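Visitor: Dropping a structure here in structure tokens format, bear with me for questions.
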Amino acid sequence: MSQNSAVYTHGHHGSVLRSHSWRTATNSCAYLLPLLKPDMVILDVGCGPGTISVDLARFVPQGRVVGLEATPDPLNQGRAFAQEKGITNVEWVVGDAHKLAFPDNTFDVVHAHAVTQHLGDPVQAFREMLRVTKPGGIIANRETDLAAMTWYPEVEGMREWHEMFIRASRANGGEPNAGRRLHVWAKEAGIDPTCITKTVSGWCYSTPEERAWWSNLWAERTLKSDFARLAREKGTATDEELERAAEAWRKWGAEEDGWFGIFHGEIICRV
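In full-length UniProt numbering, the protein residues as written are 1 to 271.
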């Protein structure tokens, strides 16, 4: 993501990286996997701790994956994860999604997951993704649509957390409801609308183990990650509101029938 035009709402606190490290190619870009060929070269924009990048590398054993992130710290985790899994066809670079430091027509696939929603100029990012994709290649993007998050039961404070999270995301220069806008951003970047395939998919946290992991992660994230710091600085939440939101997450996690669903918009663009 850009290092200048928007502020990453979550930051790279341990609670954030634990969430991102749960992501795999199967649970986060299944819509792309049937299109991959063993010798493809893939750019993974905004790769974070690299678990998706490393997993994608398994699908292109004769090719390679380049994981790109705006700051170096998450990439260290990616390197360690790749080494742990014995994956050697992946490399890591620091860069800006708004200005990719690669020649035109470099990659067979350019992939981004939960990235353009945090950018100050997502259309420019799509222009750059288009520029570095080879003719006949693929641009794949999957983004959350925060307004479409849903949960059960309606624990007191969860609705306030949700509104706070959307406020904070917008105040930091991002678009929290990116999932529904991807095809429009791609079109505005110059991609032929007839070459864009639009789909949706989601995540669901409902087992006792999933609820405990997800609720504790978000309670910590609400109080200790950059989300909390930026919310205070920008006036989108007070300390008291953040504490109430964290407690709401703990209460939801303790609910026997608790269920949380996250909706994602996805696009495949044929270049």
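Every residue gets a Cβ at the ideal spot worked out from N, C-alpha and C, and that includes glycine.
Because the structure is a prediction, the values reported are computed rather than measured.
#1: What residues match up with E69 in a beta bridge as DSSP calls it?
#2: Less than 8 Å between C-beta atoms, sequence neighbours within five positions excluded: which residues of the same chain meet that for K134?
#3: Rounded to whole angstroms, what is the Cα-Cα separation between N216 and A248?
#4: For R170 and T116, what's the separation of their Cα atoms in angstroms?
#5: Assuming the contact rule is C-beta atoms closer than 8 Å, residue 352 and D145 should be a hit. Round their C-beta distance to whole Å, please.
#6: Between which two residues does the beta strand (DSSP E) carrying E266 extend?
#7: If you draw a straight line from the alpha carbon of P103 to that of R250, how long is it in whole angstroms?
#8: Let me check one thing: in DSSP terms, what residues is E143 bridge-paired to?
#9: Do you know offhand how far H98's Cα is from K198's?
#10: At which residue ranges does the segment 124 to 174 contain complete alpha helix (DSSP H) runs of 4 or more residues, listed in the order of the chain?
#11: For D44, write down the residues that DSSP places opposite it in a beta bridge.
#12: Among the residues of its own chain, which have a CB less than 6 Å from the CB of V155, if the five just before and after it don't count?
#13: Would a C-beta distance cut-off of 8 Å place I42 and A25 closer than the cut-off?
#14: Have a look at A125 and L223 and give me their C-alpha separation to the nearest angstrom.
Guide: To lay it out plainly:
#1: In DSSP, E69 forms a bridge with V94.
#2: The beta carbon of K134 lies closer than 8 Å to those of N105, T106, F107, D108 and V271 in the same chain, with the five residues before and after it left out.
#3: If you take the alpha carbons of N216 and A248, they lie about 11 Å apart.
#4: Using only the alpha carbons, I get a separation of about 13 Å.
#5: Because the chain in this structure spans residues 1 to 271, residue 352 falls outside the shown range and cannot be described.
#6: Boundaries of the beta strand (DSSP E) around E266: W259 to R270.
#7: So the two alpha carbons sit approximately 48 Å from each other.
#8: According to DSSP, E143 bridges with G265.
#9: Linking H98 to K198 through their CA atoms gives a straight-line distance of about 23 Å.
#10: With a minimum length of 4 residues, the unbroken runs of alpha helix (DSSP H) contained wholly in the segment 124 to 174 fall at 158 to 171.
#11: The partner list for D44 (beta bridge, DSSP) reads G67 and H111.
#12: Scanning its chain for C-beta atoms nearer than 6 Å, with the 5 sequence neighbours on each side dropped, one finds around V155 the residues A248, K251 and W252, in chain order.
#13: I42 is not a Cβ neighbour of A25, given a cutoff of 8 Å.
#14: If I take the Cα positions, the gap works out to 31 Å.
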